[in-house]
Amino acid sequence: MLKCSICINDERITRILIVDGRPICKECKVFLEHPPDKEKIKKELEEILSKVDKAIVAYSGGKDSIVALYLAKEKYSIDVEAVMVDHGFIAPQAIKNAKNVAKYLDVPLTIIKRDYSDIFREALLKAKSPCRKCSRRTMEILRKYALKKGYRYMITGHELPFGHHPYRLMSGGIIQVRILSLMSEEERMKILKKLPVELPELPGYTSNCLILGPALQRFWERHGYSFEHRRIAALVRYGLLNKEKALKKVQKPEVPQWQWELVKKKLKLEDGF
Ligand SMILES: [Zn+2]
Numbered sequence: 001m002l003k004c005s006i007c008i009n010d011e012r013i014t015r016i017l018i019v020d021g022r023p024i025c026k027e028c029k030v031f032l033e034h035p036p037d038k039e040k041i042k043k044e045l046e047e048i049l050s051k052v053d054k055a056i057v058a059y060s061g062g063k064d065s066i067v068a069l070y071l072a073k074e075k076y077s078i079d080v081e082a083v084m085v086d087h088g089f090i091a092p093q094a095i096k097n098a099k100n101v102a103k104y105l106d107v108p109l110t111i112i113k114r115d116y117s118d119i120f121r122e123a124l125l126k127a128k129s130p131c132r133k134c135s136r137r138t139m140e141i142l143r144k145y146a147l148k149k150g151y152r153y154m155i156t157g158h159e160l161p162f163g164h165h166p167y168r169l170m171s172g173g174i175i176q177v178r179i180l181s182l183m184s185e186e187e188r189m190k191i192l193k194k195l196p197v198e199l200p201e202l203p204g205y206t207s208n209c210l211i212l213g214p215a216l217q218r219f220w221e222r223h224g225y226s227f228e229h230r231r232i233a234a235l236v237r238y239g240l241l242n243k244e245k246a247l248k249k250v251q252k253p254e255v256p257q258w259q260w261e262l263v264k265k266k267l268k269l270e271d272g273f
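My numbering puts the first residue of the sequence shown at 1, with every later residue one more than the last.
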């Protein structure tokens, strides 16, 4: 099987081309032809953040959103409110982390409870990724919350602008700022060490979601690879994650029995559904 010599993509995931005798995936080929201007992205990010006086932070209890909250409050001295959408499948330890860090940073925390069972049930039944639908719904709830409360900015822990801008205009005039643009995993871990956080051991590349592992396992059983492969390959391409760690993150996950039981019970799924 041909493997990209730059990222971790292979023939199962995308097209592999031979360029100057080297196997390179089509995403890496585009990246080499149009390399992102990292300095420009960083400058744009600093510029926009210098204008933000108050904002909500999209706060999931996952490690990236915790780092985002820390940076917004401590590095950029923004008057922030942490807003968490609890979709019912956030690991208890992640909720604990979210509360502890908000308290430690003296940031008000608002938790909005919503039921995403429809998205998660469908994803597991059809062996599909729930991530896009889940993220879209959460962003929409947060956007409406920001509008209602008179905020103009929403800061998120999305790690990458993927070669575009570190911010984007959402409908209603809310501006989403991706505060972690181009920040490596190592830099993020360094910040986490300063905070009252205990990361839970969960299958998949997540520090808060109980659905990702089971969904990845179902997808793996059907397709033989991870639906996160492309996203994780991009992190390697951008130099934000090393290959070895990335390859570990795309292996078939081992979902512990307790997690499967909990997810099946909450979603009312039969054994061997
Ligand atoms: Zn590649």
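Glycine is no exception: its CB is placed at the ideal position from the N, C-alpha and C atoms.
Just so we're clear, the structure is a prediction, and the values are computed from it rather than from any experiment.
Review point. Which whole-angstrom value describes the C-beta separation of K3 and L17, a residue pair presumed to lie in contact below a C-beta threshold of 8 Å?
Key: Rounded, the Cβ-Cβ distance is 12 Å, inconsistent with contact.
Closer than 8 Å to chain D by CB, E122: Chain labels in this structure do not include chain D; a single protein chain is all it has.
Tell me, which residues are paired with R132 by DSSP? Paired residues: none, contrary to the question.
*Tell me where the alpha helix (DSSP H) around D64 begins and ends.*
63-70
Could you check if R222 is buried or exposed, using at least 16 other CB atoms within 10 Å of its CB as the buried criterion? exposed
- Task: Identify which residue in E81, G21, L124, Y225 has its Cα closest to the Cα of A58.
- Result: E81
| request: Tell me whether R15 counts as near ligand 1, meaning its Cβ is closer than 7 Å to at least one heavy atom of that ligand. | output: no
Cutoff 7 Å; reference L199; Cβ partners in own chain excluding five residues on either side: K63, S207
ask   = Residue range of the alpha helix (DSSP H) that A246 falls in?
value = 243-249
Checklist entry - Is it the case that the CB of E44 approaches a heavy atom of ligand 1 more closely than 7 Å? => result no
Under 8 Å between C-beta atoms of M84 and A98: yes
Residues sharing a beta bridge with C25, DSSP: I16
| When we look at the beta-carbon of Y104 and count the other beta-carbons within 10 Å, is it buried (16 or more) or exposed? | exposed
**Study point:** Assigned exposure category for P166 - 16 Cβ within 10 Å defines buried
**Key:** buried
Please state whether the Cβ-Cβ distance between P214 and V250 is less than 8 Å. no
Worksheet item: How about D86 and I66: are their beta carbons less than 8 Å apart?
Response: no
Can you give me the C-alpha to C-alpha distance between G88 and F227, rounded to a whole angstrom? 22 Å
Q | Distance, L240 Cα to M189 Cα | A | 12 Å
### Presumed contact (8 Å Cβ cut-off) between P130 and P203, rounded CB distance
Rounded, the Cβ-Cβ distance is 14 Å, inconsistent with contact.
Near V52, what residues of its chain come up, given a Cβ to Cβ distance below 6 Å and the 5 sequence neighbours on each side ignored? I78, Y153
Q. What distance in whole Å lies between the Cβ atoms of A55 and Y151, which are believed to be in contact at a cut-off of 8 Å?
A. 6 Å
On the CB-based measure, 16 or more other CB atoms within 10 Å of its CB, does Q257 come out buried or exposed?
exposed
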